[in-house]
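S.K.:
2 protein chains.
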Amino acid sequence: MLVLITSLAFGQIGTKTTNMEPRFTVLTLGVDDIEKSFKFYHEGLGFASPGMIGKEYEHGEAAFFDLKHGMKLAIYSRANLAWDSKLKKTERSATEFSIGYMTRSKEEVDAIMELAKKAGATITKHAQTAFWGGYSGYFQDPDGHLWEILYNPQLLPED
Amino acid sequence: MLVLITSLAFGQIGTKTTNMEPRFTVLTLGVDDIEKSFKFYHEGLGFASPGMIGKEYEHGEAAFFDLKHGMKLAIYSRANLAWDSKLKKTERSATEFSIGYMTRSKEEVDAIMELAKKAGATITKHAQTAFWGGYSGYFQDPDGHLWEILYNPQLLPED
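Sequence lines, in order, name chains A and B.
Under this note's numbering, the first residue of the first sequence carries the number 1, and numbering increases by one thereafter.
Under this note's numbering, the first residue of the second sequence carries the number 160, and numbering increases by one thereafter.
1) Applying the 10 Å Cβ sphere with the 16-neighbour rule, what's the burial state of Arg-78/A?
2) Measuring alpha carbon to alpha carbon, tell me which of Tyr-260/B, Gln-299/B, Ala-275/B ends up nearest Gly-293/B.
3) Can you confirm whether Thr-129/A, when its beta carbon is compared against all beta carbons of chain B, has any partner nearer than 9 Å?
4) Please classify His-285/B as buried or exposed, where buried requires at least 16 neighbouring CB atoms within 10 angstroms.
5) Would you please state the rounded distance, in angstroms, between the beta carbons of Met-211/B and Ala-222/B? I believe it to be under 8 Å.
6) Let me check understanding here. Comparing Cα to Cα, which of Asp-300/B, Gln-299/B, Gln-287/B lies closest to Asn-311/B?
7) Quick check: is the beta carbon of Lys-245/B nearer than 9 Å to any beta carbon in chain A?
8) Where does Asp-66/A land, buried or exposed, given buried means 16+ other C-beta within 10 angstroms?
9) Anything in the region 224-249 of chain B with a Cβ closer than 9 Å to a Cβ of chain A? List those residues in chain order, please.
10) Which of the three DSSP states is assigned to Trp-242/B in this structure?
11) Among Glu-61/A, Ile-149/A, Leu-156/A, which residue has its Cα nearest to the Cα of Ile-112/A?
12) Which residues of chain A have a Cβ atom closer than 8 Å to the Cβ of Lys-284/B, listed in chain order?
13) If you drop the 5 nearest sequence neighbours on each side, which residues of the same chain put their C-beta closer than 7 Å to that of Lys-247/B?
14) Name, please, each residue of chain B whose Cβ falls closer than 9 Å to the Cβ of Gly-100/A.
15) Name the residue from Glu-58/A, Leu-155/A, Ser-85/A whose alpha carbon lies nearest to the alpha carbon of His-304/B.
16) Leaving out five residues on either side along the sequence, give the residues of the same chain with a beta carbon under 7 Å from the beta carbon of Gly-60/A.
17) For Ile-258/B, which residues of its own chain have a beta-carbon under 8 Å away from its beta-carbon, when the five flanking residues on both sides are left out?
18) I'd like to know if Gly-54/A contacts chain B, where contact means its C-beta is closer than 9 Å to some C-beta of that chain.
19) Whole beta strand (DSSP E) runs in the region 235-291 of chain B with 3 or more residues, listed along the chain?
20) I need the straight-line Cα distance from Val-190/B to Thr-95/A, nearest angstrom please.
Put into structure tokens, the structure is as follows:
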């Protein structure tokens, strides 16, 4: 039944069926201090980036970090994200989402939590055995955005 | 110089150098009504999922949608995300992040915005020419989470 409902939910534009592919390309984090955030991700966590771009536009300043499979992690000011999406900028809220980073071992969870701490992250939960049987810890980036570093033998990262 | 700083920033655990790989695996959205969110993503946008899981745990109820490259989009209650990360649950805030979905044409942007609207999304910005030269629109999911649907001839999605 769900299969039927799902197939009916695909949008129809003229005679062309449009549906979303199971993917996204960019995760953009709203930040308050883009230079500080850039330093955290680039120098602290080691994410490669061509650097800050878009300063020539009034609301364009951003940075993109290159991820696998053509994906990007982006940072953009909360004020500009509000402007661009036509929303009112609202207060920080760390419980809106979390970014899950899978590892291949418990030791790798510990090592990345340590790396993040050295980079200036706030550890909200030290790595420990999780209720679902794995091993995980949480940290916040300089803007409060949550990362969960986790080891789940049933869900290892793809190479 | 940045290259040098980046290489120095990689964590050292004993004699083993640990660094983060340029990736993440799961994007978890904090939600208020997980059944409503599941319906939006599964029936409305058409993301495949094995269904709700984790109900056997007090704080475990979640759903995962399968994305390309082994990635997952997850939904989990804000209250449980707060509990799991040892944070206080805070108010909704749509300017914390956005999820960018690249298309291969302007028409595809229009079609997906229409699909999202039919699924119950709130359109915050109708698709239009963007300041950076592309074409994009924004919508919010039932929990206010922002998606940007965008066409950028210089950054097409990978197949």
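Idealized CB from N, CA, C, for every residue including glycine.
M.R.: Quick answer:
1) In the first sequence, counting from the first residue as 1, residue 78/A sits at position 78. The residue in question, Arg-78/A, is buried, as its Cβ has 16 or more Cβ neighbours within 10 Å.
2) Position 134 of the second sequence, counted from the start, is the residue given in the question as residue 293/B. Put simply, of Tyr-260/B, Gln-299/B, Ala-275/B the residue whose alpha carbon is nearest the alpha carbon of Gly-293/B is Tyr-260/B.
3) The count along the first sequence starts at 1 and reaches residue 129/A at position 129. It does not: the Cβ of Thr-129/A has no partner Cβ on chain B nearer than 9 Å.
4) Taking the first residue of the second sequence as 1, we reach residue 285/B at position 126. Sixteen is the threshold: since fewer than 16 other Cβ atoms of the shown chains lie within 10 Å of the Cβ of His-285/B, the residue is exposed.
5) Within the second sequence, the letter at position 52 stands for residue 211/B. Within the second sequence, the letter at position 63 stands for residue 222/B. Contact flag correct, Cβ pair sits at about 5 Å.
6) In the second sequence, the residue the question calls residue 311/B occupies position 152. The candidate whose alpha carbon is nearest that of Asn-311/B is Gln-287/B.
7) Here residue 245/B refers to the residue found at position 86 when the second sequence is read from its first residue. Residue contact with chain A for Lys-245/B: present (Cβ-Cβ distance below 9 Å to some residue of chain A).
8) In the first sequence, the residue the question calls residue 66/A occupies position 66. Around the beta-carbon of Asp-66/A, fewer than 16 other beta-carbon atoms lie within 10 Å, marking it exposed.
9) Listed in sequence order: Phe-224, Asp-225, Leu-226, Lys-227, His-228, Gly-229, Met-230, Lys-231, Leu-232, Ala-233, Tyr-235, Arg-237, Ala-238, Leu-240, Ala-241, Asp-243, Ser-244, Lys-245, Leu-246, Lys-247, Lys-248, Thr-249.
10) Mapped onto the second sequence, residue 242/B falls at position 83. Trp-242/B carries a helical assignment under DSSP once its states are collapsed to helix, strand and coil.
11) Stepping through the first sequence from its first residue, residue 112/A is reached at position 112. Residue nearest to Ile-112/A within the set Glu-61/A, Ile-149/A, Leu-156/A is Ile-149/A (criterion: CA-CA distance).
12) Looking up residue 284/B in the second sequence gives position 125. Chain A residues near Lys-284/B: Asp-84, Ser-85, Lys-86.
13) Locating residue 247/B in the second sequence gives position 88, counting from the first residue. Sequence-distant Cβ neighbours of Lys-247/B in its own chain, meaning closer than 7 Å and more than five residues away, are Ala-241.
14) Indexing the first sequence from 1 puts residue 100/A at position 100. Ordered by position in chain B, the residues that pass the 9 Å Cβ test against Gly-100/A are Phe-183, Thr-184, Val-185, Leu-186, Thr-187, Lys-231, Ala-233.
15) As a working note, residue 304/B is residue 145 in the second sequence. Selected option, being the one with the closest Cα: Ser-85/A.
16) For the purposes of this step, residue 60/A is taken as residue 60 along the first sequence, with counting starting at 1. Excluding positions up to five away in sequence, the list reads Gly-54.
17) As a working note, residue 258/B is residue 99 in the second sequence. So the qualifying residues of the chain are Leu-186, His-304, Leu-305, Trp-306, Glu-307.
18) Residue mapping note: residue 54/A aligns to position 54 of the first sequence, counting from 1. Closer than 9 Å to the CB of Gly-54/A there is at least one CB belonging to chain B.
19) If we require 3 residues or more, the beta strand (DSSP E) runs fully inside the region 235-291 of chain B come out as 256-261, 281-288.
20) To locate residue 190/B, count along the second sequence from 1; it is residue 31. To locate residue 95/A, count along the first sequence from 1; it is residue 95. Looking at the two C-alpha atoms, the distance is approximately 9 Å.
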